Each structure stands twice: as structure tokens, then as C-alpha cells.
Amino acid sequence: MSEPISYACGNSARQKTILMFACSGAANVGEIADRAARHLMAEGTGSMFCLAGLGADIEPMIDATSKAAANIVIDGCDKDCGRKVMQRVGVSNFHHFRVTDMGIKKVSRVWAQDEQVRHVVSYVKTKVSTLP
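Laid out in C-alpha cells, this is it:
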């Protein structure tokens with residue numbers, strides 16, 4: 122059985138890197154994904170990393186992502202842009218979450234609501250805490 126992941130801000134000798142990638146699309150769910158990832162980073166769940174850098178084939182970023190203990194991808198909707206970028210660059214060590222699967226409807230030209238961001242943060246945090 123594998124050891125539990127200790128968060129990036131921990132002092133454990135077994136510290137493992139958790140990188141987080143978020144959709145930042147134009148609809149409310151993209152904003153929710155981005156804000157949720159930033160909150161999770163601020164709380165010490167992991168460090169945000171640049172999804173655009175992976176999409177641009179920046180090799181050192183792809184390499185760092187591949188070597189991370191875990192990668193968290195938060196997509197806004199079922200287009201799954203973040204998941205598809207990971208797959209395209211050959212990164213397989215990721216856990217995928219989709220905002221619209223959490224009961225939040227995608228709406229264009231609407232701002233994210235704080236309650237929606239808190240809901241996604243809570244959901245992802247709970248799931249990440251159970252990762253092997």
C-alpha cells in the first residue's frame with residue numbers, strides 16, 4: 122500500500138509534490154475552477170501550475186508535471202480541456218474533477234458565486250485527502 126500524500130507545505134520527510142491545474146475558461150465554471158484552485162493552494166493543498174505552459178509544449182513544465190507525486194486537474198465543463206492537455210502531453214498521474222459534475226450549471230457572461238467556489242474547494246479537498 123502506498124504512503125499517503127503529505128501536502129506541499131508540510132514538513133514531513135516524505136513530502137510529495139502536488140500540482141494543481143485549473144480551467145480558466147470564459148464561463149462561470151471556468152472562473153469557479155480557477156478560483157477554487159487558488160483557494161486550495163492558499164490552504165496548502167498543493168501548488169498551482171500553468172496549464173497553458175503544458176498546452177504550449179514547454180518541456181521543463183511537462184517534465185515537472187510528470188514527476189509530481191500527484192496532479193489535480195479542475196475543469197469547468199465537459200469539454201475537459203485540462204484533462205485533454207494532460208493526455209496530449211503524456212501525463213497520466215492526474216486526478217480529474219469537473220465543476221459541472223458538482224451540480225453547478227455552466228452559464229456564459231455570469232460571474233462565479235463565492236458559495237459555488239467554496240463548494241468546489243470543499244469537494245476537491247475531501248477527495249484529495251483520500252488519495253493514496
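Every letter in the sequence shown is one number past the one before it in the working numbering, and letter 95, counting from 1, is 216.
Built from N, CA and C at the ideal position, the CB exists for glycine as well.
No experiment lies behind these values; they were computed from the predicted model shown.
Is it buried or exposed for GLY131, if we count other Cβ within 10 angstroms and need 16 for buried? Within the sequence shown, numbered from 1, the residue matching residue 131 stands at position 10. Bear in mind that a pLDDT of 38 at GLY131, under 50, signals an unreliable position, so the number given afterwards is only what the model happens to contain. Burial call: exposed.
Which value, in whole angstroms, describes the spacing of the CA atoms of GLU164 and ARG209? In the sequence shown, counting from the first residue as 1, residue 164 sits at position 43. In the sequence shown, counting from the first residue as 1, residue 209 sits at position 88. Roughly 30 angstroms between the two C-alpha positions.
Pairs of beta-carbons, one from the stretch 233-253 and one from the stretch 172-185, closer than 8 angstroms: are there three or more? no
Pairs of beta-carbons, one from the stretch 223-241 and one from the stretch 137-157, closer than 8 angstroms: are there three or more? yes
Under the three-state reduction of DSSP, which class applies to ALA191: helix, strand or coil? As a first step, residue 191 is located in the sequence shown; it is residue number 70 there, counting from the start. DSSP places ALA191 in strand when its eight states are reduced to three.
What residues are listed by DSSP as bridge partners for HIS217? Within the sequence shown, the letter at position 96 stands for residue 217. Partner(s): VAL194.
Alpha carbon to alpha carbon, what distance is there between ARG204 and PHE215? Indexing the sequence shown from 1 puts residue 215 at position 94. Indexing the sequence shown from 1 puts residue 204 at position 83. Each residue's Cα considered, the two are about 8 angstroms apart.
Is GLY197 closer than 8 angstroms to GLY151 when the C-beta atoms are compared? Here residue 151 refers to the residue found at position 30 of the sequence shown. Here residue 197 refers to the residue found at position 76 of the sequence shown. Contact flag set, yes.
Taking buried to mean at least 16 other C-beta atoms within 10 Å of its own C-beta, is GLY211 buried or exposed? As a working mapping, residue 211 is identified with position 90 in the sequence shown. Counting Cβ neighbours within 10 Å, GLY211 comes out exposed, since fewer than 16 surround it.
Based on Cα-Cα distance, which residue from LEU140, SER145, PRO181, GLN234 lies nearest to ARG219? Within the sequence shown, numbered from 1, the residue matching residue 219 stands at position 98. That would be SER145, whose Cα lies nearest to the Cα of ARG219.
If you draw a straight line from the C-alpha of ALA143 to the C-alpha of ASP184, how long is it? By one-based count along the sequence shown, residue 143 stands at place 22. By one-based count along the sequence shown, residue 184 stands at place 63. Cα to Cα, ALA143 sits roughly 18 angstroms from ASP184.
In this structure, does DSSP put ILE139 in helix, strand or coil? For the purposes of this step, residue 139 is identified with residue 18 of the sequence shown, where counting begins at 1. Looking at ILE139 - three-state DSSP - the assignment turns out to be strand.
Please classify SER243: does DSSP put it in a helix, a strand, or coil? For the purposes of this step, residue 243 is taken as residue 122 along the sequence shown, with counting starting at 1. The answer is helix: DSSP assigns SER243 an H, G or I state.
Can you grab the Cα-Cα spacing for the pair TYR244 / LEU140, in whole Å? Start at 1 with the first residue of the sequence shown, and residue 244 comes out as number 123. Start at 1 with the first residue of the sequence shown, and residue 140 comes out as number 19. Each residue's Cα considered, the two are about 17 angstroms apart.
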